[in-house]
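These notes are about the structure you will find just below.
There are 2 protein chains.
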Amino acid sequence: MSAKIIDGNKIAADIRNEVSQKVVIINKTYKNSPGLAVVLIGSNPASLSYVKGKEKDCTDVGIVTKTFRLEENISEEEVLHLIEKLNNDNNYHGILTQLPFPNHLNERTIINSIHPLKDVDGIGIHNAGLLAIESPKFIPATPLGIQQMLLRSNIQIPGKHIVICGRSNLVGRPLSIILSQKTIGGNGTITLCHTGTSNLYKYSLQADILIAATGQPRTITSAMVKPGSTIIDVGINRVEDPSKKNGYRLIGDVDFESVKDIAGNITPVPGGVGPMTRAMLLENTIKAYEFQINEE
Amino acid sequence: MSAKIIDGNKIAADIRNEVSQKVVIINKTYKNSPGLAVVLIGSNPASLSYVKGKEKDCTDVGIVTKTFRLEENISEEEVLHLIEKLNNDNNYHGILTQLPFPNHLNERTIINSIHPLKDVDGIGIHNAGLLAIESPKFIPATPLGIQQMLLRSNIQIPGKHIVICGRSNLVGRPLSIILSQKTIGGNGTITLCHTGTSNLYKYSLQADILIAATGQPRTITSAMVKPGSTIIDVGINRVEDPSKKNGYRLIGDVDFESVKDIAGNITPVPGGVGPMTRAMLLENTIKAYEFQINEE
Chain L
14 MSAKIIDGNK IAADIRNEVS QKVVIINKTY KNSPGLAVVL IGSNPASLSY VKGKEKDCTD
74 VGIVTKTFRL EENISEEEVL HLIEKLNNDN NYHGILTQLP FPNHLNERTI INSIHPLKDV
134 DGIGIHNAGL LAIESPKFIP ATPLGIQQML LRSNIQIPGK HIVICGRSNL VGRPLSIILS
194 QKTIGGNGTI TLCHTGTSNL YKYSLQADIL IAATGQPRTI TSAMVKPGST IIDVGINRVE
254 DPSKKNGYRL IGDVDFESVK DIAGNITPVP GGVGPMTRAM LLENTIKAYE FQINEE
Chain H
14 MSAKIIDGNK IAADIRNEVS QKVVIINKTY KNSPGLAVVL IGSNPASLSY VKGKEKDCTD
74 VGIVTKTFRL EENISEEEVL HLIEKLNNDN NYHGILTQLP FPNHLNERTI INSIHPLKDV
134 DGIGIHNAGL LAIESPKFIP ATPLGIQQML LRSNIQIPGK HIVICGRSNL VGRPLSIILS
194 QKTIGGNGTI TLCHTGTSNL YKYSLQADIL IAATGQPRTI TSAMVKPGST IIDVGINRVE
254 DPSKKNGYRL IGDVDFESVK DIAGNITPVP GGVGPMTRAM LLENTIKAYE FQINEE
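Just so you know, the sequences run in chain order L and H.
Residue numbers for the first sequence follow this note's numbering, beginning at 14 and rising by one.
Residue numbers for the second sequence follow this note's numbering, beginning at 14 and rising by one.
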């Protein structure tokens, strides 16, 4: 039997539709639009491509967006100055800094300089703290997208054993928090695995929901998966593929071809978690708008 | 075979000695002393007793302390005013608000008003955020004390399966973070269980280190424990005992008498985690002093 494919593109499209409708209401009610400022430093090709995608997503749903492109060798002071300006600019309700930054810049200093109510990536200290104490304002887009995928696919979370592979600040850690808190979309029993885990099989084989965010292609093989379980693949890895025009294709952290015969549900790569992450950024931008309107 | 008893009183005494020595050096170097301000609202008997204990601990190691006692019906504004004054008072390097507060006060507003560099309990938003992103300044005293107990008892954490029962903001949640981060005293594989967990046995029986912070007496019985494992009991529960002068005695969240025959190491109640929590508050006050000296 083959697993049910969880269609991230379809769920993300539903969320974008909902966001569009919220934008229409905002337009009518307040006579303006939610705005997202994107700060892009340097010319990393992957970053450029992500930012283009974000611009298109925003435009499609009616969110006003502008990308502020800064030179690779810009000083930290100048970046902080721009963010300060954007913090005070009522046209932009969300501010997103495209990572990674060039090495001479302190990522933390810059991220923490974003006003907590505009931190749509949810990665500043303030929002990380709110999340940890169970009063989140902004949850990082990937964990939030995964939670929405599970909820909208009617996959039960409460009481289930959820094994997360990867403890990053952007994915594994916040995911382990939101899925274990006593909230809708939470109340799961979480095991957090990482590079220091001995015998990953022991844990992965127990998982009702297995979330792979290892950053390594095909870490999760069919021998590691409990029959009928749900597999969420966060990985986006480029592997060479001479048959493709651009010379590569994208694969996940899960060995999709073998695992799909054992799992009950599985997300594909591409077309799984990726589009959900993009959609949740739009949702967070609407949230930012609402926080700021309510503050006035 | 009976488990080795982890003597919290002994380890806490070692830590207090270390703190005393640090205070002597501070006295000599800076011609002043670390100070801790305790804010106590109302007259809850348990709170009064805890605060007395803290005063004695401070005095014993040379930390200057003062308890600011406020009336049960004090307004939030007045509490915030006092904390603002203490934030700006160079005699106090740490500020601790004894919980719980009377119901009319917003706990979060008050806790978050403590300056992050004086938040020796480590429970304000800022310190919770720093901890979540793996750059902690202050870690809450109970999780920190448990980590120290394990380290100083030569119980290995990296690669071990650590099952934590309880997800509170003061114990289970921060503990799950510090024991899984890639640091000394971390790198364990953590399963976080809670009231929403179905079949706690399934998880507890796998634990190399089992940490009980359920707030319920004798939740962990001998049938739930893996032979030879380490059992850390965070619970402090009063049960009636007519044979005692005060009519009660303290027991933990673990059924000590039966579990000690199966476990490899176990903490008693009282005399286990409790004294460690008290000792780590002193350690955090020294840390606060050092942060503030370095800021000047």
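Don't be surprised by glycine CBs; every beta carbon is placed ideally from N, CA and C.
Residue-chain proximity (residue i, chain L), Cβ-Cβ < 8 Å
{"i": "H:Y214", "result": "no"}
{"i": "H:G172", "result": "yes"}
{"i": "H:S126", "result": "no"}
{"i": "H:I203", "result": "yes"}
{"i": "H:G209", "result": "yes"}
Run of the beta strand (DSSP E) containing residue i, from where it starts to where it stops
{"i": "H:T110", "result": "G107 to T110"}
{"i": "L:D246", "result": "T243 to D246"}
{"i": "H:R186", "result": "Note, H:R186: premise wrong, no beta strand (DSSP E); alpha helix (DSSP H) at G185 to I191."}
{"i": "H:A220", "result": "First-last for H:A220: undefined, no H or E at that position."}
Residue i - containing alpha helix (DSSP H), residue span
{"i": "L:L286", "result": "First, the amino acid is wrong: residue 286 of chain L is Val here, not Leu. L:V286 -> alpha helix (DSSP H) spans V286 to E308."}
{"i": "L:A321", "result": "No answer is possible for residue 321 of chain L: the residues shown for chain L start at 14 and end at 309."}
{"i": "L:E97", "result": "E89 to N100"}
{"i": "H:E270", "result": "F269 to V272"}
{"i": "H:L213", "result": "L213 to S217"}
{"i": "L:P156", "result": "A154 to R165"}
{"i": "H:P127", "result": "The residue asked about is misnamed: residue 127 of chain H is Ile in this sequence, not Pro. From DSSP, H:I127 is part of no alpha helix (DSSP H); its letter is neither H nor E."}
8 Å Cβ cutoff, residue i in contact with chain H
{"i": "L:C206", "result": "yes"}
{"i": "L:S242", "result": "no"}
{"i": "L:I138", "result": "yes"}
{"i": "L:R291", "result": "no"}
{"i": "L:N200", "result": "yes"}
{"i": "L:R180", "result": "yes"}
Cα-Cα separation between residue i and residue j, rounded to whole angstroms
{"i": "L:Q194", "j": "H:V64", "result": "31 Å"}
{"i": "H:R29", "j": "L:E68", "result": "57 Å"}
{"i": "L:I39", "j": "L:L99", "result": "21 Å"}
{"i": "H:P153", "j": "H:D132", "result": "9 Å"}
{"i": "H:F314", "j": "L:K79", "result": "Any question about residue 314 of chain H goes unanswered here, given that chain H covers just 14 to 309."}
{"i": "L:N278", "j": "L:L223", "result": "10 Å"}
{"i": "L:K41", "j": "H:V52", "result": "50 Å"}
{"i": "H:N167", "j": "H:P187", "result": "21 Å"}
{"i": "H:A145", "j": "L:G142", "result": "7 Å"}
{"i": "H:T110", "j": "H:S60", "result": "10 Å"}
{"i": "L:L213", "j": "L:S242", "result": "16 Å"}
{"i": "L:K23", "j": "L:V247", "result": "17 Å"}
{"i": "H:P156", "j": "H:G199", "result": "12 Å"}
{"i": "H:A292", "j": "H:I19", "result": "15 Å"}
{"i": "H:C71", "j": "L:I54", "result": "50 Å"}
{"i": "L:K44", "j": "L:M289", "result": "29 Å"}
{"i": "H:G209", "j": "L:G201", "result": "7 Å"}
{"i": "L:I177", "j": "L:E120", "result": "25 Å"}
{"i": "L:N104", "j": "L:K150", "result": "20 Å"}
{"i": "L:K239", "j": "L:R231", "result": "16 Å"}
{"i": "L:I244", "j": "L:S62", "result": "27 Å"}
{"i": "L:T227", "j": "L:I197", "result": "26 Å"}
{"i": "L:G75", "j": "L:P47", "result": "8 Å"}
{"i": "H:H117", "j": "L:P129", "result": "27 Å"}
{"i": "L:V92", "j": "L:D102", "result": "15 Å"}
{"i": "H:D27", "j": "H:G21", "result": "10 Å"}
{"i": "H:L295", "j": "H:S33", "result": "9 Å"}
Which residues DSSP lists as bridging residue i, in chain order
{"i": "L:C5", "result": "Outside the shown range of chain L, which is 14 to 309, sits residue 5 of chain L, and nothing can be said about it."}
{"i": "H:N250", "result": "H:I264"}
{"i": "H:R82", "result": "H:L53"}
{"i": "L:I233", "result": "L:V267"}
{"i": "L:I279", "result": "L:I18 and L:I244"}
{"i": "H:V77", "result": "H:G48"}
{"i": "L:A225", "result": "L:C178 and L:D246"}
Any non-hydrogen atom of the ligand PLP closer than 7 Å to residue i Cβ
{"i": "H:H128", "result": "Looking for the ligand PLP in the displayed structure turns up nothing, as the structure carries no ligands at all."}
Where the region 182–198 of chain H meets chain L: residues whose CB sits under 7 Å from a CB there: Sequence-ordered contacts of the region 182–198 of chain H with chain L read N182, R186, S193 and K195 [C-beta pairs closer than 7 Å].
Positions along the region 215–239 of chain L whose CB lies within less than 9 Å of some CB in chain H: Result list: K215, Y216 and Q219.
Within 9 Å of chain L by C-beta, residues of the region 142–164 of chain H in sequence order: Cβ contacts with chain L come from G142, L143, L144, A145, I146, E147 and S148.
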